[in-house]
Amino acid sequence: MRRLRATVLVLTAVLTLGMAGCVAGEDTSGDGEGAGTWSTDTLAIDFATYNPLSLVVKDQGWLEQELDGVRVTWTQSAGSNKANEGLRSAALDVGSTAGSAALLARANGSPIKAIDIYSQPEWSAIVVPEASGIRSVADLRGKSVAATKGTDPYFFLLQALDEAGVPLDAVEVQNLQHADGRAALDNGSVDAWAGLDPIMAAAQAESGARLLYRNIDFNSYGFLNAREDFLADHRDVAQVVVDAYERARTWASDHPDELVALLAEVAGIDREVAATVIEERTVLDLDPVPGEAQRKVLEVVGPIFVASGDVASQADVDRALDELFEPALAGEARNG
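The sequence shown lines up with residues -24 to -1, 1 to 312 when you count with mature numbering (1 follows the signal peptide of the UniProt record, and there is no 0).
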């Protein structure tokens, strides 16, 4: 009996040691998959109707498929300002903004890096009601204009006013989120609106709104941004995100009708409106690596930030331009 008891104790000890080994190694499959494969077990990322590739990545579930053991949390950004708020507060690890908004955030101390260029859009213009007597940007002097501060439409407005010789303080800017700006234009609360697609295209189709002034050169690129600390600690996961974006770019090229349908569904707009946004106002077939093309656009916008008081000094803008781009991830995805 004593011999049987001793045998049981030995077997118990062996099993205990084996289980401890499994816990320490976390993965006994030998193929490297499972818990501990990635440097983090969470990823907080945004999607936005102004970023069509984000809709594809979310809809296809590629991040969830690739990042086994990582909980992926999606949050919709209503505008670049909201994406920047999420990045600044660490509610987001990766967020999509206009290039101008990314520069503004970086110049004001937000430690973000642009890791991918998702589009070159003509997503903003100055919008007025169909029957408005306003016929030029110069006519906005003394008028009220809705705009979402910290976003490309706001900076589009600043550039348009500067070009027309209208001081910013000669215009009443109502700081409204994009959808609220459209509502204010529809109900007559403002005289004009610095619009953003796809809401802008919907206002044209549904309300007969008129685009008073367009200029694609005043629209900055679409930037996918990540927090610096996230890049430093979880570069492996950031690379998977960028890889998924480049996969989405190819998918969008191969499935244009499905992309239009997806935007229409998520944005709650007609397919014809979505088609206008995708086919006429969005360039997705471009080099995803942040670099000189984007810097040239932002070098024009930077001094306007300073003149408007949105950034304290040109030195802050210049430093942000030197620090903003992280090209390696998109370069790896492009060449991989």
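In this text, a Cβ means the ideal position worked out from N, Cα and C, and glycines have one as well. All of these numbers come straight from a predicted model, not from anything done at the bench.
Counting along the chain, residue 218 sits inside the alpha helix (DSSP H) bounded by residues 211 to 230. Excluding sequence positions up to five before and after residue 310, its CB lies within less than 8 Å of the CB of 222, 263, 264 and 265, all in the same chain and listed in chain order. Judged by beta-carbon spacing, residue 183 lies beyond the 8 Å limit of residue 76, meaning their Cβ atoms are not closer than that value. Boundaries of the alpha helix (DSSP H) harbouring residue 38: 38 to 42, taken from the DSSP string.
Taking all protein chains in view, the Cβ of residue 34 is crowded by 16 or more other Cβ atoms within 10 Å, so the residue is classified as buried. Around the C-beta of residue 69, 16 or more other C-beta atoms lie within 10 Å, and the residue is accordingly described as buried. Under a 10 Å Cβ-count criterion, residue 49 is classified as exposed, with fewer than 16 other Cβ atoms of the shown protein chains found around its own Cβ. Counting only runs of 3 or more residues that sit fully inside the segment 73 to 138, the beta strand (DSSP E) segments are 88 to 97, 100 to 104 and 120 to 123, in chain order. By DSSP's assignment, residue 293 forms no beta bridge with any residue.
Taking the Cα positions, residue 71 is about 29 Å away from residue 138. When DSSP states are grouped into helix, strand and coil, residue 149 belongs to the strand group. Scanning its chain for C-beta atoms nearer than 6 Å, with the 5 sequence neighbours on each side dropped, one finds around residue 296 the residues 79, 82 and 83, in chain order. Contact between residue 267 and residue 303 holds, since their C-beta atoms are separated by about 6 Å, short of 8 Å. Under the three-state reduction of DSSP output, residue 24 falls in the strand class. Counting only unbroken stretches of 4 or more residues, the alpha helix (DSSP H) elements lying wholly within the segment 141 to 210 are 154 to 162, 175 to 183 and 204 to 209, in sequence order. Under the three-state reduction of DSSP output, residue 307 falls in the helix class. Residue 121 places its beta carbon less than 8 Å from that of residue 167. Beta-bridge partners of residue 71 (DSSP): 201. Per DSSP, the beta-bridge partners of residue 47 are 18. Where residue 282 is concerned, the enclosing alpha helix (DSSP H) starts and stops at 268 to 284. For the pair residue 157 and residue 124, the CB atoms are nearer than the 8 Å cut-off. Of 199, 288 and 51, the smallest CA-CA separation from residue 23 is found for 51. Cβ atoms of residue 93 and residue 270 come within 8 Å of each other, at about 6 Å. Linking residue 90 to residue 32 through their CA atoms gives a straight-line distance of about 20 Å. The beta carbon of residue 177 sits closer than 6 Å to the beta carbons of 249, 252 and 253 from its chain, once the five residues preceding and following it are set aside; these are given in chain order. Closest option to residue 165, judged by alpha-carbon separation, among 150, 171 and 175: 150. By the C-beta density criterion, residue 312 is exposed, having fewer than 16 other C-beta atoms within 10 angstroms. For residue 250, the uninterrupted alpha helix (DSSP H) run begins and ends at 247 to 251, by DSSP. For residue 173, the closest alpha carbon among the candidates 239, 215, 227 and 119 is that of 239. Annotation: residue 300 is outside any alpha helix (DSSP H) and is labelled neither H nor E by DSSP.
Take residue 259, set aside five residues on each side of it, and the residues of its chain with a beta-carbon closer than 6 Å to its own are 96, in chain order. DSSP places residue 56 in the uninterrupted alpha helix (DSSP H) bounded by 56 to 64.
A direct Cα-to-Cα measurement between residue 105 and residue 186 gives close to 6 Å.
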